[in-house]
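Report on the structure given below.
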Amino acid sequence: MEMSSPSEPREVVPRRILHCDMDCFYAAVHIRDDPSLQGKPVLIGGDPSGRGVVAAASYEARRFGVHSAMPAAQAKRLCPEAIFLRAEFSRYRQESERIFAIYRSFTPAVQTLSLDEAYLDVTNHLGDFPSATALAQEIRRRVLEECALTVSVGVGPNKLVAKIASDFDKPDGLTVIPPKKVQAFLDPLPVRRLQGVGPATGAKLKELGVELIADLRAIDLEVLVQRFGRHGKGLHDFAHGLDSRRVQAHRQRKSLGAENTFRNDLAHLSAMEAEINRLADQVAQGLERRDLTAYTVTLKVRYPDFTTLSRSMTLAVSTRDSEVLAAASRLLLRRTEAAQRRVRLLGVSVSKLEKGGPIQLSLFPLLGI
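Per numbering that gives the first Met the number 0: the sequence shown ends with 368, consecutive numbering throughout.
Right under this line is the structure:
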């Protein structure tokens, strides 16, 4: 029997990563359950006559230029015929659990990104399927058959390629990029399609004459590192289709929060503090349900001109006590211009979480004062 020598390199099996992205998930759930909405511009979000924001838009609404995070009033102006529906997150979570159960029936390596988006690593979990493509086709079939919803899937050798591929043929698409075709797939795409290339990075890249991924690939690594620091190495790797990030099946929660956009701007400090108390209590309940405590409290404030800022405080001991979270947030409010300016939005969030931990009820030691 022939045996390979210890020095002989082993063949590396290319990873097979799927990025599954539900199509217009929130809107699709409503349209599925109410056929009269089929083919109509449906928007999920707040009241367009108030301070609401669009959470999701059907493809029919997107044709008018409407997108998520847009003020609902603006969306109404762009698409006067739009049908506005309030978000029902408990309903979406229930549907998401059914969909993710389908994913996990194929592989335990499922990384949740949101209620409607996930990475799946099927490298060692093809089962009886001859390829990752065949497995992806079966996932799409089952989601449609069992949930009456469509999912677009990208298949590639890493997360970067799979995510870009899933958006390539929406809705209800399947795009497969074999390892040997990664560069040909990426090169003609706008550089903004790469993760980590936002408006600021995009503007700096444009100064270097970079508009397409092929342009970025032609830039030396040293130039990118000099211009962007450590981020330059990531840009260089992504431009070459390289991404070593693993699919993390059990991603640890890093933060928890609650926020509210007001129909009418808050003008008085007492009203702001009352809202902060309510939000802090909501966050505390979330920590309690998950048996978590937190060290860092962050207050988010948005003014009527959409200027948004945040202030943070790290406590001496972790807590999930609502009074402590509220007190810390009220102190942070004093570090803003809230007393002199009206406020459009307030948010309270916590981070540096740990499982269980001490619940210190003594207020002043916790705040470090």
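Glycine is no exception: its CB is placed at the ideal position from the N, C-alpha and C atoms.
Would a C-beta distance cut-off of 9 Å place P40 and E87 closer than the cut-off?
When the beta-carbon positions are compared, P40 and E87 stay at least 9 Å from each other.
Close Cβ partners of L330 (< 6 Å) along its chain, the five nearest in sequence each way excluded:
Nothing listed; no residue qualifies.
Give the single residue among I176, G228, F167 and A238 whose Cα lies nearest to the Cα of R194.
What sits at residue 194 in the sequence shown is Gln, not Arg. For Q194, the nearest C-alpha among the options comes from A238.
Mapping DSSP to helix, strand and coil, what is Q37?
In the structure shown, Q37 sits in coil (DSSP, three-state: anything other than H, G, I, E or B).
Can you tell me where the alpha helix (DSSP H) holding Q182 begins and where it ends?
Q182 -> alpha helix (DSSP H) spans V181 to L185.
Residues near R191 in its chain [Cβ-Cβ closer than 7 Å; skip 5 each side]
G201, listed in sequence order.
I believe T313 touches S348 by the beta-carbon criterion, under 8 Å. Please report the beta-carbon distance rounded to the nearest angstrom.
With a Cβ gap of about 13 Å, T313 and S348 do not count as contacting.
By Cβ distance below 7 Å, which residues in the same chain neighbour L36 in space, the five residues on each side in sequence not counted?
Taken in chain order, the residues that qualify are H29, I30 and I82.
Span of the beta strand (DSSP E), counted from its first residue to its last, around K369:
Because the chain here runs from 0 to 368, residue 369 falls outside it and cannot be looked at.
CA-CA distance, S328 and L291?
If you take the alpha carbons of S328 and L291, they lie about 19 Å apart.
Hey, which unbroken runs of the beta strand (DSSP E) at 3 residues or more fall wholly within the segment 85-124?
Positions of the beta strand (DSSP E) runs, each at least 3 residues long and wholly inside the segment 85-124, are given as 109-113 and 116-120 in order along the chain.
Among M21, A325, E145 and H124, whose alpha-carbon lies nearest the alpha-carbon of P279?
The question names Pro, but residue 279 is Ala in the sequence shown. For A279, the nearest C-alpha among the options comes from A325.
Is the segment 206-220 touching the segment 228-236 in the sense that three or more CB pairs, one from each, lie closer than 8 Å?
With the cut-off at 8 Å, the segment 228-236 and the segment 206-220 touch.
When you compare each of C19, Y91, R252 and S269 to D32 by their alpha carbons, which one comes out closest?
Out of C19, Y91, R252 and S269, Y91 has the C-alpha closest to the C-alpha of D32.
What are the start and end residues of the beta strand (DSSP E) that includes K299?
Counting along the chain, the beta strand (DSSP E) containing K299 begins and ends at L291 to R301.
Would you mind giving the Cβ-Cβ distance between A147 and G155, rounded to the nearest angstrom? I have them listed as a contact below 8 Å.
The beta carbons of A147 and G155 sit about 28 Å from each other, so the pair does not count as a contact at 8 Å.
With a threshold of 8 Å on Cβ separation, who are the neighbours of R341 within its own chain once the five nearest residues in sequence on each side are excluded?
Within the same chain, R341 has close Cβ partners D264, L265, A266, Y302 and P303.
Return the CA-CA distance between G49 and V316, expressed in angstroms with no decimal places.
Using only the alpha carbons, I get a separation of about 40 Å.
Would you kindly report the start and end of the unbroken alpha helix (DSSP H) that includes G231?
That run of the alpha helix (DSSP H) goes R229 to A238.
According to DSSP, which residues form a beta bridge with D20?
D20 pairs with E116 and S151.
Three-way DSSP call (helix, strand, coil) for N157 in this model:
In the structure shown, N157 sits in coil (DSSP, three-state: anything other than H, G, I, E or B).
Going by Cα to Cα distance, which pick from P107, G172 and L114 is closest to S89?
Comparing Cα positions, the closest option is L114.
With DSSP as the reference, label S243 as helix, strand or coil.
For S243, the secondary structure class from DSSP, reduced to helix, strand or coil, is coil.
Find out if the Cβ-Cβ distance for the pair D120, R14 is shorter than 9 Å.
For D120 and R14, yes; Cβs fall inside 9 Å.
Helix, strand or coil at D320 according to DSSP, with G and I counted as helix
The answer is coil: DSSP assigns D320 none of H, G, I, E or B.
Decide if the segment 129-148 is in contact with the segment 17-25; the criterion is three or more beta carbon pairs, one per stretch, under 8 Å apart.
Yes, they touch.
Environment of K158 [buried if 16+ CB atoms lie within 10 Å]:
By the Cβ-count criterion, K158 is buried, with 16 or more other Cβ atoms from all chains shown falling within 10 Å of its own Cβ.
May I have the straight-line CA-CA distance separating P177 from N123, to the nearest angstrom?
Rounded to whole angstroms, P177 to N123 spans 17 Å at the Cα level.
Verify whether the separation of the beta carbon atoms of L185 and V209 is less than 9 Å.
Contact check for L185 against V209 fails: the beta carbons are separated by 9 Å or more.
Starting from A71, follow its DSSP beta bridges and name the residues at the other end.
A71 is bridged by DSSP to nothing; it lacks a bridge partner.
With DSSP run on the structure shown, which of helix, strand or coil describes N263?
Note: N263 maps to strand in three-state DSSP.
Mind checking whether K203 and Y294 have CB atoms under 9 Å apart?
Cβ distance not < 9 Å, so K203 and Y294 don't count as in contact.
Is it buried or exposed for A100, if we count other Cβ within 10 angstroms and need 16 for buried?
A residue is called buried once 16 or more other Cβ atoms fall within 10 Å of its Cβ, and A100, having fewer, is exposed.
Between which two residues does the alpha helix (DSSP H) containing A54 stretch?
Bounds of any alpha helix (DSSP H) do not take in A54; it lies within the beta strand (DSSP E) bounded by V53 to A56.
Does the Cβ of S151 have 16 or more other Cβ atoms within 10 Å, making it buried, or fewer, making it exposed?
Counting Cβ neighbours within 10 Å, S151 comes out buried, since at least 16 surround it.
May I ask you to report which of helix, strand or coil DSSP gives E210?
Assignment of E210 by DSSP, reduced to helix, strand and coil, places it in the coil class.
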